[in-house]
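Undergrad: Once you've had a glance at the structure underneath, I'll fire off some questions.
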Amino acid sequence: MSEEARWYVVHTYSGYENAVAATIEKAAENRKMQDQILEVRIPTETVTEVHDSQTKTIERKIFPGYVLIKMMMNDVSWHLVRNVRGVTGFVGSANKAVPLTEDEILGLGIERHEVVVGFDVGSTVKVIDGPLDGFLGTVEEIEFDKSRVRVIVSMFGRETPVDLDFDQIEAE
182 MSEEARWYVV HTYSGYENAV AATIEKAAEN RKMQDQILEV RIPTETVTEV HDSQTKTIER
242 KIFPGYVLIK MMMNDVSWHL VRNVRGVTGF VGSANKAVPL TEDEILGLGI ERHEVVVGFD
302 VGSTVKVIDG PLDGFLGTVE EIEFDKSRVR VIVSMFGRET PVDLDFDQIE AE
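Each residue of the sequence shown is one higher than the one before, starting from 182 at the first, in my numbering.
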């Protein structure tokens, strides 16, 4: 039994994704299990098709036959999802559902983790970790996806760019 909700993949009959998602949401609501089954998603993408010089924008399923569910895995929630008509099972080994990893979640774009930092480009920051501990510098570039920042530090009368992690600096 897990103490936190994780993302799981459920295999369904092709074409039944929407019905399965709606049924799971309704069953969780009816059984007052919204605290255990938090979110149900069908990954889609918007595609623009051109046929005979006519443009059409459609929503297309990225993974036909699969539904993603953020849930607390326990016997009750497992049986609720597993017994929905159209569900063939959880993705995993035998009867054990395997949750998605953090990298898979970010790669699929299911959840966005917003990073808030206390500095901007041009801000003065203090290095608090590493060989340049105690140096002051100016933020030149911020890479949110890598949690890194490029800081211009003045050493021996020369300005030197240094790449640091967010946790190695603090706003001055």
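All C-beta atoms in this analysis are idealised placements derived from N, C-alpha and C, irrespective of residue type, glycine included.
Only a predicted model underlies this, so the values are computations on that prediction, with no experimental measurement involved.
For residue 189, does the count of other Cβ atoms within 10 angstroms reach 16, so buried, or fall short, so exposed?
TA: Here residue 189 refers to the residue found at position 8 when the sequence shown is read from its first residue. By the 10 Å Cβ count, residue 189 comes out buried.
Undergrad: Considering only the beta carbon of each residue, do residue 316 and residue 328 sit closer than 7 angstroms?
TA: Residue numbering aside, residue 316 sits at position 135 when the sequence shown is read from its first letter. Residue numbering aside, residue 328 sits at position 147 when the sequence shown is read from its first letter. Result no, Cβ atoms of residue 316 and residue 328 do not sit closer than 7 angstroms.
Undergrad: Just checking my contact of residue 219 with residue 252 at CB under 8 angstroms: how many whole Å lie between their CB atoms?
TA: The residue you call residue 219 lines up with position 38 of the sequence shown. The residue you call residue 252 lines up with position 71 of the sequence shown. Residue 219 to residue 252, Cβ: 6 angstroms. Contact.
Undergrad: Looking at residue 191 and residue 271, is the spacing between their C-beta atoms short of 7 angstroms?
TA: Taking the first residue of the sequence shown as position 1, residue 271 is located at position 90. Taking the first residue of the sequence shown as position 1, residue 191 is located at position 10. Against a cut-off of 7 angstroms, the Cβ pair of residue 191 and residue 271 comes out as a contact.
Undergrad: Could you check the C-alpha separation between residue 240 and residue 228 for me, to the nearest Å?
TA: Here residue 240 refers to the residue found at position 59 of the sequence shown. Here residue 228 refers to the residue found at position 47 of the sequence shown. Taking the straight line joining both Cα atoms gives about 6 angstroms.
Undergrad: Tell me where the beta strand (DSSP E) around residue 321 begins and ends.
TA: Position 140 of the sequence shown holds residue 321. 317–324 is the span of the beta strand (DSSP E), which, as asked, contains residue 321.
Undergrad: In three-state terms, what does DSSP make of residue 346?
TA: Within the sequence shown, numbered from 1, the residue matching residue 346 stands at position 165. Correct three-state label for residue 346: strand.
Undergrad: Compute the distance between the beta-carbons of residue 208 and residue 215, then report whether it is under 7 angstroms.
TA: As a working mapping, residue 208 is identified with position 27 in the sequence shown. As a working mapping, residue 215 is identified with position 34 in the sequence shown. 7 angstroms or more divides the Cβ of residue 208 from the Cβ of residue 215.
Undergrad: Give the DSSP bridge partners of residue 188, in chain order.
TA: Numbered from 1 along the sequence shown, position 7 holds the residue referred to as residue 188. Answer is 251.
Undergrad: According to DSSP, what are the bridge partners of residue 336?
TA: Along the sequence shown, one-based indexing puts residue 336 at 155. The partner list for residue 336 (beta bridge, DSSP) reads 339.
Undergrad: Mark residue 305 as exposed unless 16 or more other C-beta atoms lie within 10 angstroms of its C-beta, in which case mark it buried.
TA: Counted from its first residue, the sequence shown places residue 305 at position 124. Answer is exposed; the Cβ neighbour count stays below 16.
Undergrad: Could you work out which residue in 212, 203 and 217 is closest to residue 223 when comparing CA atoms only?
TA: By one-based count along the sequence shown, residue 223 stands at place 42. Cα-wise, what sits closest to residue 223 is 203.
Undergrad: Hey, quick one: how far does the alpha helix (DSSP H) through residue 205 stretch, first residue to last?
TA: Locating residue 205 in the sequence shown gives position 24, counting from the first residue. First-last of the alpha helix (DSSP H) with residue 205: 198–211.
Undergrad: Whole angstroms is fine: what's the gap from residue 259's alpha carbon to residue 250's?
TA: Translated into positions along the sequence shown, residue 259 becomes position 78. Translated into positions along the sequence shown, residue 250 becomes position 69. Spanning the two alpha carbons is a distance of roughly 11 angstroms.
Undergrad: Does the Cβ-Cβ distance between residue 320 and residue 334 come in under 7 angstroms?
TA: Sequence index remark: in the sequence shown, residue 320 carries index 139 (1-based). Sequence index remark: in the sequence shown, residue 334 carries index 153 (1-based). No, the Cβ-Cβ distance between residue 320 and residue 334 is not below 7 angstroms.
Undergrad: Using beta-carbon positions only, say whether residue 221 and residue 198 come within less than 7 angstroms of one another.
TA: Numbered from 1 along the sequence shown, position 40 holds the residue referred to as residue 221. Numbered from 1 along the sequence shown, position 17 holds the residue referred to as residue 198. Going by C-beta atoms, residue 221 is not nearer than 7 angstroms to residue 198.
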